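Undergrad: For the sequence shown, the tail end lands on 390 under the numbering used here, and the numbers increase by one without skipping. The beta carbon of each residue, even a glycine, is placed where N, CA and C say it ideally should be. It should be emphasised that the depicted structure is a prediction, and the values quoted were computed from it without experimental measurement.
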Amino acid sequence: MTTGIDSLLNLDEVRGAAKRRLPRFLFDFIEGGVDGELCLRRNRAAFSNWTVLPRYLVDVSARSQSVQVFGREYAAPIGISPMGLAGLARPQADLMFAAAAAKRNIPYIMSSASNASIEKAARVAGSNVWFQVYPTTDERISQDMVRRAVDAGVTTLVVTIDVPVHANRERNRRNGFGRPLRLTPRIVFDALLHPNWLAGFVSTRGIPMMENWMPYAPPGASQAVVSDLYGSLTPAPAVQWQTLEELRRIWPHTLVVKGVLNPADAVQCASLGADGMIISNHGGRQLDMAPSPLQVLPAIRSAVGPAMTLMVDSGVRRGSDVILASALGATLALVGRPMLYGAAVHGEEGVLKVIDIMRREIDLTMGQAGICALNQLDGRSILGPEFGRALT
Ligand SMILES: Cc1cc2nc3c(=O)[nH]c(=O)nc-3n(C[C@H](O)[C@H](O)[C@H](O)COP(=O)(O)O)c2cc1C
-1 MTTGIDSLLN LDEVRGAAKR RLPRFLFDFI EGGVDGELCL RRNRAAFSNW
49 TVLPRYLVDV SARSQSVQVF GREYAAPIGI SPMGLAGLAR PQADLMFAAA
99 AAKRNIPYIM SSASNASIEK AARVAGSNVW FQVYPTTDER ISQDMVRRAV
149 DAGVTTLVVT IDVPVHANRE RNRRNGFGRP LRLTPRIVFD ALLHPNWLAG
199 FVSTRGIPMM ENWMPYAPPG ASQAVVSDLY GSLTPAPAVQ WQTLEELRRI
249 WPHTLVVKGV LNPADAVQCA SLGADGMIIS NHGGRQLDMA PSPLQVLPAI
299 RSAVGPAMTL MVDSGVRRGS DVILASALGA TLALVGRPML YGAAVHGEEG
349 VLKVIDIMRR EIDLTMGQAG ICALNQLDGR SILGPEFGRA LT
């Protein structure tokens, strides 16, 4: 049974509805973290270590949460994180992200491991779509993807650097879920127990293709062949900074590096010409002992100075999380899993619902913080983990 969209009050309830709808192997693929999932929990805990210091008796009747990012205005300080294989949760989920992002005027970062192609997403959402790539073992393919993004009219390229090696995701191993997806008896049984989810795949004739990789496979290649090709090209453990320098050289527009946690890496990104960074631990999916973005954001900000555009993701679930990130100097806070859960449960309407919940919570928190615009937030708006700090 699908939970009615109007009854969903927060992102945790959207997650619960998706858990009921999706087969276990798929929910676990989306939800799971690396190793013992300590990082996954740390991401949420990090937010609860901070508090917003309210300011009352100021006029907060005209609040706007719009932000300027790379010279363009977006309607809210949130965006949709790149998520590969989103089409497994709902056919065409990638294009639903694109459409919802365009309707609400927020950025959607399409993963190169998506099911729909960047060309299709750019047609749906224009400059609301950013494109994320991983370094690959064959530089010609990375460079061709960059060329395709230019041709499609994309103006922001995101290079994810935090997957030098595969992560140990034990939920996937336990469930027998790997790439390419093989229909083991266990997975088939799991799928049959979730007929609403299954119906979508019957209607679209099966497991979706990774469309961005099709041009590099033989003509007419099956989804398994294309998926194997992707698996043979990523991760690329030998890649070093020269690869980023090369992408910087050939990409003519805004370049963002995703997965930065170490201030020394942030300085290096800045020095080779990155325009922005996403401080992220990949939603707790790569290194279990990684810090949460909130822990390192102040140090990264002081390392790269006030002009660099910093964004965060990993564990953002409430509007007040976005306000905290904003006060610590992040222009955007990206949301991953909840967007995919929204798409899984209610398609594009579900993604819009997640965006709208976040927007409402951001708006109400702004009212409590005594601000009408996000640039009024700074370190004085919040109290950090060093609880006893004197209020001056
Ligand atoms: C199912 C799934 C697939 C992902 N695929 C990618 C990807 O292809 N590229 C990438 O840079 N990050 C990927 N990520 C990481 C997200 O972009 C993001 O960093 C993370 O999900 C944010 O944390 P949150 O889910 O707690 O909001 C993926 C995350 C999930 C859950």
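1. Our contact map puts V343 next to A15 with C-beta atoms below 8 Å; I'd like the distance itself, whole angstroms only.
2. Would you check if the distance between the CB atom of G82 and the CB atom of A111 is smaller than 7 Å?
3. Which word fits W211, buried or exposed, when buried means at least 16 other C-beta atoms lie within 10 angstroms of its C-beta?
4. Check whether the region 302 to 315 and the region 32 to 44 touch, using three or more Cβ-Cβ pairs below 8 Å as the test.
5. Which class does L375 belong to by DSSP, given the choice of helix, strand or coil?
6. Do the region 122 to 139 and the region 150 to 169 touch if we need at least three Cβ pairs shorter than 8 Å?
7. Please list, in chain order, all residues of the same chain as V20 whose beta carbon is under 8 Å from its beta carbon, the five residues on each side excluded.
8. Is there a Cβ from chain C that is less than 7 Å from the Cβ of Q366?
9. So for L381, helix, strand or coil by DSSP?
10. Would you check if there are 3 or more beta carbon pairs closer than 8 Å linking the region 286 to 294 to the region 237 to 247?
11. Does at least one heavy atom of ligand 1 sit under 6 Å from the Cβ of K256?
12. Just curious, the alpha helix (DSSP H) that R169 is in, first and last residue?
13. By Cβ distance below 6 Å, which residues in the same chain neighbour D319 in space, the five residues on each side in sequence not counted?
14. Rounded to whole angstroms, how far is the Cβ of A123 from the Cβ of A147, which I believe are closer than 8 Å?
15. Anyone know if the C-beta pair for P133 and T241 falls short of 7 Å?
16. Straight-line CA distance for A301 to V67?
17. Please tell me whether S79 and G348 are closer than 7 Å, where the distance is taken between their beta carbons.
18. Name the DSSP bridge partner or partners of T252?
19. Would you tell me roughly how many angstroms separate the C-alpha atoms of M364 and G382, rounded to the nearest one?
20. Can you list, in chain order, the residues of its chain with a C-beta nearer than 8 Å to that of L322? Leave out the 5 residues immediately preceding and following it.
21. Of the residues A120, S140, L350, G34, which one's Cα is nearest the Cα of P213?
22. For Q130, which of helix, strand or coil comes out of DSSP?
23. Please report the residue range of the alpha helix (DSSP H) in which E117 lies.
24. Quick one: residues in its chain with C-beta nearer than 6 Å to the C-beta of I104, no 5 flanking neighbours on either side, listed in chain order?
25. With C-beta atoms as the reference, is M208 less than 7 Å away from S225?
26. For the alpha helix (DSSP H) that contains E209, what are its first and last residues?
TA: Short version:
1. 5 Å
2. yes
3. buried
4. yes
5. coil
6. yes
7. Per the sequence presented here, residue 20 reads as Leu, with Val not at that position. Cβ within range, chain order: I28, A87, H192, W195, A342.
8. No chain C is present in this structure, which holds just one protein chain.
9. strand
10. no
11. yes
12. 168 to 173
13. F45
14. Contact flag wrong, Cβ pair sits at about 13 Å.
15. yes
16. 20 Å
17. no
18. T154
19. 18 Å
20. F45, W48, V50, L292, I380
21. S140
22. strand
23. 116 to 123
24. Y72, A74, I76, G77
25. yes
26. Premise fails: E209 is in no alpha helix (DSSP H) and is neither H nor E.
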